[in-house]
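Going by numbering that gives the first Met the number 0, the sequence shown opens with residue 0, and the numbers climb by one from there.
Working notes for the structure below.
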Amino acid sequence: MSPADSRQDLRRLLSGAHAVNANSQFTLRVAAELCPQETAGVPVIYYGASLPQGECASSPPPVPEPFVFCAARLAERKGLDILVMAFAALDPSLHLVLCGEDHSAGGLQRFTRGLGLQDRVHWLGQLPHDQVQALMRRCLFFVLPSRRESLGGAIIEAMQAGKAVVATRVGGVPELVQDGVEGLLVEAKDVSGLAAAMKRLYEDGELRQRLAAAALRASERFSWQRAVDDYLKIHDGHPARLRAPASATACVMWELGGDQTALALAGDIARGFKTRGRKLITCFLRSADEPFAARREGAVEYRLGLAPASRWRVLHHALVALQLSWIALKEGVGVWHFFSIRDLPLTGFLWFMRIDRIRPVVTLA
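Next up, the structure:
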């Protein structure tokens, strides 16, 4: 998909929307460069992450302490190769714990072994969310060395866990963390700068505690309860909702259904809708050989289209449009809320918009 096609599709999506919002000022600026007219006056609705109360339903794998923690997919954009190189300069008694889906085909593990850090760097794979949160509460501090980041949901969770943060000054991260207040910010791809920031936070316990306390206070600005309330205000003003107040809402996460970030977002929204007695349907793009319909977090969940490896792209788009039309009838959907998470072709959803004449709510994420 060419940049021109991507821009045109985004313009069609936004111009046909009932309302548009963004998850950060950074995301909004990026969209405004592509579609200035369609993003004029668009508000920012920050979301958050609510930590569970009480004990976890399951315990994470045992890890040596003390440790620094990073929860992120093992992908180039997350900068974990930079993190491992920077970590090599730290105290040998300190450990680094990583969790997230491996998008490197084992490359990061081989890179770690090549640096002789296999006994200090521990990759736990993709863990259940409650186990990730348990590790956040136990770590010395949280680190996210991303090369690119629209917001940084894992940072919000770490702040809500009362942890200081070391992160890169990219995307929406500076909207969450002030350098020297809630954490330490460094430039992306700066190995020595990242090492120095982690070393400083490891050796200065008083600084670590002060930043952690400030991070916990600042995290109150980021709440899924507040975000869901803001979404519902938009939904309640939608003509389809006014005509049928009891109709369902369908959240379309424009990401593969195996993506941990998209699943976490959908789960938080589902819990928010459930506490408000609203019916929610969630949709993802198909990531593997998965059932079309399932249930999670009390909400019906659908997987759309063909598997990513399929060469039949036109058939994939047509199938997405047909499935969405069927879901609208089957579930009695009034409002469609589209989360533009990933730069994937919008063709199937745009066909659905045109055929069924819907005006979605769009969140740029």
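We put the beta carbon where it would ideally sit given N, CA and C, even for glycine.
Per DSSP, what are the beta-bridge partners of residue i in this structure?
i      : result
Val377 : In the structure as shown, the chain starts at 0 and stops at 364, and residue 377 therefore has no counterpart that could be examined.
His336 : Cys250, Val360
Ile280 : Ala249, Val299
Gly182 : Val164, Asp178
Asp101 : Leu73
His373 : For the chain, the structure presents residues 0 to 364; residue 373 sits outside this window and is missing.
Leu255 : Leu284
Take residue i and list the residues in its own chain whose beta-carbon comes closer than 6 Å to its own, dropping the five residues that flank it on each side.
i      : result
Arg346 : The amino acid at residue 346 is misidentified as Arg; the sequence shows Thr. Result list for Thr346: His316, in chain order.
Ile357 : Trp335
Ala226 : Ile44, Tyr46
Glu330 : Ala247, Ile280
Ala298 : Ala269, Leu279, Thr281
Ser14  : Glu37
Please work out which residues of its chain come closer than 7 Å, Cβ to Cβ, to residue i, disregarding the five sequence neighbours upstream and downstream, and give them in chain order.
i      : result
Ala287 : Gly257, Ala306
Arg10  : Cys34, Glu37
Arg341 : Trp253, Glu254
Gly99  : Ala70, Ala71, Arg72, Leu73, Gln125, Gln259
Ser324 : Phe351, Ile354, Asp355
Ala371 : No statement about residue 371 is possible, as the shown extent of the chain runs from 0 to 364 and does not include it.
Ala153 : Ala70, Ala71, Leu143
Thinking residue i and residue j are a contact (beta carbons under 8 Å), I'd like their distance in whole angstroms, please.
i      : j      : result
Leu279 : Thr260 : With 8 Å as the limit, Leu279 and Thr260 do not qualify as a contact, their Cβ atoms being about 18 Å apart.
Thr38  : Ala30  : 5 Å
Leu93  : Trp122 : No, Leu93 and Trp122 are not in contact; Cβ-Cβ is about 16 Å, not under 8 Å.
Leu27  : Ala18  : 14 Å between Cβ atoms; not a contact.
Gly151 : Leu134 : Wrong, their Cβ atoms sit about 17 Å apart, outside the cutoff.
Val313 : Phe348 : Not a contact, Cβ separation roughly 15 Å.
Ala16  : Pro359 : 6 Å
Ala85  : Met197 : 6 Å
Leu303 : Arg277 : Contact doesn't hold; Cβ gap of about 22 Å is too wide.
What first and last residue would you give for the alpha helix (DSSP H) that runs through residue i?
i      : result
Phe25  : 24 to 33
Ile44  : Here Ile44 belongs to no alpha helix (DSSP H), and DSSP marks it neither H nor E.
Val120 : That residue, Val120, is in no alpha helix (DSSP H); its beta strand (DSSP E) goes 120 to 122.
Val62  : Counting along the chain, Val62 falls outside any alpha helix (DSSP H), and DSSP gives it neither H nor E.
Ala263 : 259 to 274
Lys329 : 312 to 330
Phe86  : 79 to 86
Gln132 : 128 to 137
Gly204 : 204 to 217
Gly152 : 152 to 159
Asp355 : 346 to 355
Arg112 : 106 to 113
What are the start and end residues of the beta strand (DSSP E) that includes residue i?
i      : result
Ala293 : 292 to 295
Phe66  : 66 to 70
His237 : Run containing His237: none; DSSP gives neither H nor E here.
Ala21  : 18 to 21
Residues in its own chain within less than 8 Å of residue i by CB, not counting five upstream and five downstream?
i      : result
Val83  : Leu95, Leu107, Phe110, Thr111, Leu114, Leu116, Val120
Gln52  : Residue confidence for Gln52 is low, a pLDDT of 45 falling below 50, so the modelled location carries little weight and cannot support an answer.
Arg199 : Leu183, Leu206
His128 : Ala263, Gly266
Gln211 : Looking at the sequence provided, one finds Ala at residue 211 rather than Gln. Only Phe140, Gly161, Lys162, Ala163 meet the Cβ criterion.
Is it a yes or a no for the segment 140 to 155 touching the segment 166 to 181, going by three-plus beta-carbon pairs under 8 Å? Flag = yes, the segment 140 to 155 and the segment 166 to 181 touch.
Determine contact between the segment 182 to 192 and the segment 57 to 67, defined as no fewer than three beta-carbon pairs at a distance below 8 Å. Result no; under three Cβ-Cβ pairs closer than 8 Å.
Is the segment 328 to 336 close to the segment 232 to 250, with three or more CB pairs under 8 Å? yes
Three or more C-beta pairs below 8 Å linking the segment 342 to 359 and the segment 261 to 275: no
Between the segment 206 to 224 and the segment 95 to 111, are three or more C-beta pairs nearer than 8 Å? no
Would you check if there are 3 or more beta carbon pairs closer than 8 Å linking the segment 226 to 236 to the segment 68 to 88? no
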